[in-house]
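Peer 1: My structure is below; once you've seen it, I'll send some questions.
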DNA sequence: TTGTATGCGTTATCAC
DNA sequence: GTGATAACGCATACAA
């Protein structure tokens, strides 16, 4: 064999392939990218040269630098164990990753450590489920990274994807009012945009709703608060929760104390997530999770392309289940 | 002001900063990376020049190319909604992301689409929960990307992190045998490495265990299989499941049919995940999730450094809860 | 359809 | 402690 001596330990580059195929570097590049037409013959030569050299395709790192993109979108969710414990997070993220994957982009999980500022991200989605942390925000804005905020606070420069928390909460409250309830209690989430909106919606109908407490969307935490509340005498006939997990906790704890749902106590949730371990269909406000995820990912894609993107507020729908009933007289 | 005319619309580079600070490019680089000593005075000049130019630090894309690393580790989990529906996935991934984050690395979620082969990943973790798909495997191997397989099949060249499924399953089976059980049924996972091992452990003690069925670790699916099984008369006194979610389903369905657990039927699980919505502590095999995650991430880090890494098999522990009892005579 | 020539923005190697 | 210079591997504008 002729030709220059091969360095066996170096991974081949596109230049090596081009040389072996007897074409120019740019032609070899086009043979892989398909960004411009290449004759079938030369493409064949390039690909077979690549094959025999063990060339596995253009180095993503080099392409990224050249194109100024990493192909990776970050999603800030906070600590994974808490972020995903909330069943409402999953279907939404699933849709996000699906849309991105279809475009060949990857989804990178970010805690909140601001460490990830050193990673090359084409855009960042904030889906922090109420934990309103800024951490890396300033840095990302300074670097011009497009930001999409899901149900979050109004950060300047970000695109917002939201649902109509307030209307949903008002609808479920109206539903209870129609059933004759007048004295209701509420279990709220931690201080956050969704919490504020949902509570505001509730108080449009029940301005004097008693707050049982405030906790994350966690069964155990919610059950403890409910237990403390129900251990004192109360004239409340309904509990409005800000998540289905909380509502399930109220149902479980109420039953544990001998109450019947909904005869003795009506319970409403929010989200519309499956609770197959509960033998009772919750009355709740159903979010369009998939649509929310798609809207989020699509917004990120558009912003990466430099396009202007409108904020989105998606509608929710009241689902009347078996956990709410007419108030007993 | 003197000097060349500034292009206002171009984001500043390290060269711009160096020029503005009156130092060389390499010195400016060192001022940011700290890879070599730089006098405090010049570092100050560099940083203040960066500040006034709005330079936000070295471009990650360029650094990645130069260093041959992306700082991103992929984790193949399949479709998110199924991957995370299994509560066993969370604490493990949490530990993985924690370890990586401490090293400044990011964690990228991969479906199984092989699309992600075009992304620059420093290593890939396969945590596919029994879905034994190869998809991108060949490609990754060809590109020399280090692979870490968690509870997976024996892929050549990969590092393996596993738990002692077989011993755990045998221990829970022995526990039941000690309680007098002789006729047991089992609910198994989909065909996979964990399933095979766990079932083998069970059959060391109960070679003739009846298989109720095979399903993913999903409450509804498991409940349906159990319902079908219990609708026929049976002399089985215990059901051994391969996940806690399955076990919870068996408990729920057994009770729905008027059986008492564990008096009429003993039920055992696997994993040791919290099931706060079940008012019964499951007898189960507890996995060291956090340790598994740390071992996985650590293995990935070492392999990225080019070091050899030993496979890991972590021990499990039997936890006797209230879902198993002495067989009634 | 193909080839030539730049430059993406760094970091690392060397000399000073 | 600092500076000049050479890659890193590729995609594109432009010329042929």
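Protein chains in written order, with UniProt numbering: chain A, 1 to 329; chain B, 1 to 329.
Heads up, the beta-carbon is just placed ideally off N, CA and C, and yes, glycines get one too.
Quick caveat: nothing in here was measured; it's all calculated off a predicted structure.
When the cut-off is 8 Å and only beta carbons count, does residue 270(A) lie next to chain B?
Peer 2: Locating residue 270(A) in the first chain gives position 270, counting from the first residue. No, residue 270(A) lies away from the interface with chain B (no Cβ there is under 8 Å from its Cβ).
Peer 1: Could you check whether the Cβ of residue 266(B) sits closer than 8 Å to any Cβ belonging to chain A?
Peer 2: Counted from its first residue, the second chain places residue 266(B) at position 266. It does not: the Cβ of residue 266(B) has no partner Cβ on chain A nearer than 8 Å.
Peer 1: Leaving out five residues on either side along the sequence, give the residues of the same chain with a beta carbon under 7 Å from the beta carbon of residue 205(A).
Peer 2: For this step, residue 205(A) is matched to residue 205 along the first chain. These residues qualify, in order along the chain: 170, 173, 174, 177.
Peer 1: Within 8 Å (strictly less), CB to CB, does residue 147(A) reach chain B?
Peer 2: Taking the first chain and counting its residues from 1, the one referred to as residue 147(A) is at position 147. Output row for residue 147(A): interface = no.
Peer 1: Could you name the residues of the same chain whose beta carbon sits closer than 7 Å to that of residue 85(B), not counting the 5 residues immediately before and after it, in chain order?
Peer 2: Locating residue 85(B) in the second chain gives position 85, counting from the first residue. Excluding sequence neighbours, residue 85(B) sits near 218.
Peer 1: Check the DSSP bridge columns for residue 110(B) and list the partner residues they point to.
Peer 2: Stepping through the second chain from its first residue, residue 110(B) is reached at position 110. Beta-bridge pairing links residue 110(B) to 76(B).
Peer 1: Taking only runs of the beta strand (DSSP E) that begin and end inside the segment 243 to 269 of chain B, which ones reach a length of at least 3 residues, in chain order?
Peer 2: As far as the segment 243 to 269 of chain B is concerned, its whole beta strand (DSSP E) runs of at least 3 residues are 266 to 268.
Peer 1: Compute every distance between the C-beta of residue 34(B) and the non-hydrogen atoms of the ligand ATP, then say whether any falls below 7 Å.
Peer 2: Ligands in the displayed structure: none, and consequently the ligand ATP is not present.
Peer 1: Please tell me whether residue 16(B) has its Cβ less than 8 Å away from any Cβ of chain A.
Peer 2: As a first step, residue 16(B) is located in the second chain; it is residue number 16 there, counting from the start. Output row for residue 16(B): interface = no.
Peer 1: Is the segment 89 to 104 of chain B close to the segment 282 to 293 of chain B, with three or more CB pairs under 8 Å?
Peer 2: Yes: at least three Cβ pairs fall under 8 Å.
Peer 1: Counting Cβ pairs, one atom from each stretch, are 3 or more of them under 8 Å apart for the segment 150 to 164 of chain B and the segment 180 to 200 of chain B?
Peer 2: Contact holds: three or more Cβ-Cβ distances are below 8 Å.
Peer 1: Between the C-alpha atoms of residue 312(A) and residue 294(A), what's the straight-line distance to the nearest angstrom?
Peer 2: Walking along the first chain from the start, residue 312(A) turns up at place 312. Walking along the first chain from the start, residue 294(A) turns up at place 294. Going from the Cα of residue 312(A) to the Cα of residue 294(A) covers about 11 Å.
Peer 1: So that I know if they touch, is there some Cβ in chain A lying closer than 8 Å to that of residue 248(B)?
Peer 2: Translated into positions along the second chain, residue 248(B) becomes position 248. Output row for residue 248(B): interface = yes.
Peer 1: Give me, in chain order, the residues of the same chain whose beta-carbon lies closer than 6 Å to that of residue 110(B); leave out the 5 immediate sequence neighbours on both sides.
Peer 2: For this step, residue 110(B) is matched to residue 110 along the second chain. Closer than 6 Å at the Cβ level, and outside the excluded window around residue 110(B), lie 74, 76, 116.
Peer 1: Tell me where the beta strand (DSSP E) around residue 160(A) begins and ends.
Peer 2: Position 160 of the first chain, counted from the start, is the residue given in the question as residue 160(A). Per DSSP, residue 160(A) belongs to the beta strand (DSSP E) from 159 to 163.
Peer 1: Answer with yes or no whether the minimum CB distance from residue 62(A) to chain B is below 8 Å.
Peer 2: Indexing the first chain from 1 puts residue 62(A) at position 62. Interface residue, yes.
Peer 1: Within a Cβ cutoff of 7 Å, which residues of the same chain sit near residue 107(B), ignoring the five residues on either side of it in sequence?
Peer 2: In the second chain, the residue the question calls residue 107(B) occupies position 107. Once the five neighbours on either side are set aside, the close Cβ partners of residue 107(B) are 73, 75, 96, 97, 100.
Peer 1: Measure the C-alpha to C-alpha separation of residue 336(B) and residue 242(B) and round it to an integer number of angstroms.
Peer 2: Any property of residue 336(B) remains undetermined from this structure, which presents chain B solely from 1 to 329.
Peer 1: Taking the runs of the beta strand (DSSP E) that are 3 residues or longer, which of them lie wholly in the segment 137 to 186 of chain A?
Peer 2: The qualifying runs are 147 to 150, 159 to 163.
Peer 1: Hey, does residue 197(A) have any beta-carbon neighbour from chain B nearer than 8 Å?
Peer 2: On the first chain, position 197 is the one that residue 197(A) refers to. It does not; no Cβ of chain B falls within 8 Å.
Peer 1: State the start and end residues of the unbroken alpha helix (DSSP H) segment that holds residue 193(B).
Peer 2: In the second chain, residue 193(B) corresponds to position 193, counting from 1. Unbroken alpha helix (DSSP H) run through residue 193(B): 193 to 205.
Peer 1: For the structure I just gave you, are there three or more beta carbon pairs, one from the segment 244 to 255 of chain B and one from the segment 210 to 228 of chain B, closer than 8 Å?
Peer 2: The segment 244 to 255 of chain B vs the segment 210 to 228 of chain B: in contact.
Peer 1: Give the interface partners of residue 79(A) over in chain B, defined as CB-CB distance under 9 Å, in chain order.
Peer 2: As a first step, residue 79(A) must be located in the first chain, where it is residue number 79. Chain B residues near residue 79(A): 94, 97, 98.
Peer 1: Starting from residue 91(A), find everything on chain B with Cβ-Cβ shorter than 7 Å and list it in chain order.
Peer 2: For the purposes of this step, residue 91(A) is taken as residue 91 along the first chain, with counting starting at 1. Those are 81, listed as they occur along chain B.
Peer 1: Return helix, strand or coil for residue 211(A), following the three-state DSSP convention.
Peer 2: By one-based count along the first chain, residue 211(A) stands at place 211. It is a strand residue.
Peer 1: I'd like the span of the beta strand (DSSP E) that includes residue 314(B), first residue to last.
Peer 2: Residue mapping note: residue 314(B) aligns to position 314 of the second chain, counting from 1. Looking at the DSSP string, the run of the beta strand (DSSP E) that includes residue 314(B) is 312 to 314.
Peer 1: Could you please give me the residues that DSSP links to residue 318(B) through a beta bridge?
Peer 2: The residue you call residue 318(B) lines up with position 318 of the second chain. Note: residue 318(B) sits in a beta bridge opposite 285(B).
Peer 1: Determine, for residue 283(A), whether the minimum Cβ-Cβ distance to residues of chain B falls below 8 Å.
Peer 2: Within the first chain, residue 283(A) is the residue found at index 283, counting from 1. Chain B contact via Cβ: absent.
Peer 1: Report all residues from its chain with a CB closer than 6 Å to the CB of residue 238(B); omit the five preceding and five following residues, and keep chain order.
Peer 2: Position 238 of the second chain, counted from the first residue, corresponds to residue 238(B). Counting only Cβ-Cβ distances below 6 Å, and skipping sequence neighbours, we find 176, 181, 184, 266.
Peer 1: Can you tell me where the beta strand (DSSP E) holding residue 124(A) begins and where it ends?
Peer 2: The residue labelled residue 124(A) in the question sits at position 124 within the first chain. Here the beta strand (DSSP E) through residue 124(A) covers 123 to 126.
Peer 1: Can you list, in chain order, the residues of its chain with a C-beta nearer than 6 Å to that of residue 19(A)? Leave out the 5 residues immediately preceding and following it.
Peer 2: In the first chain, the residue the question calls residue 19(A) occupies position 19. Correct list: empty, nothing qualifies.
Peer 1: Where residue 328(A) and residue 263(A) are concerned, what is the direct C-alpha to C-alpha distance, given to the nearest angstrom?
Peer 2: Your numbering for residue 328(A) matches position 328 in the first chain. Your numbering for residue 263(A) matches position 263 in the first chain. For residue 328(A) and residue 263(A), the distance between alpha carbons rounds to 7 Å.
Peer 1: Since residue 50(B) is in the alpha helix (DSSP H), which residue starts that stretch and which ends it?
Peer 2: One-based indexing of the second chain puts residue 50(B) at position 50. Residues 40 to 53.
Peer 1: Please tell me whether residue 72(B) has its Cβ less than 8 Å away from any Cβ of chain A.
Peer 2: In the second chain, residue 72(B) corresponds to position 72, counting from 1. At least one chain A Cβ lies under 8 Å of residue 72(B).
Peer 1: I need the straight-line Cα distance from residue 232(A) to residue 187(A), nearest angstrom please.
Peer 2: Here the question's residue 232(A) lines up with position 232 in the first chain. Here the question's residue 187(A) lines up with position 187 in the first chain. In a straight line, the C-alpha of residue 232(A) is about 16 Å away from that of residue 187(A).
Peer 1: Could you give the DSSP three-state label for residue 82(A): helix, strand or coil?
Peer 2: Indexing the first chain from 1 puts residue 82(A) at position 82. Three-state DSSP puts residue 82(A) in a helix.
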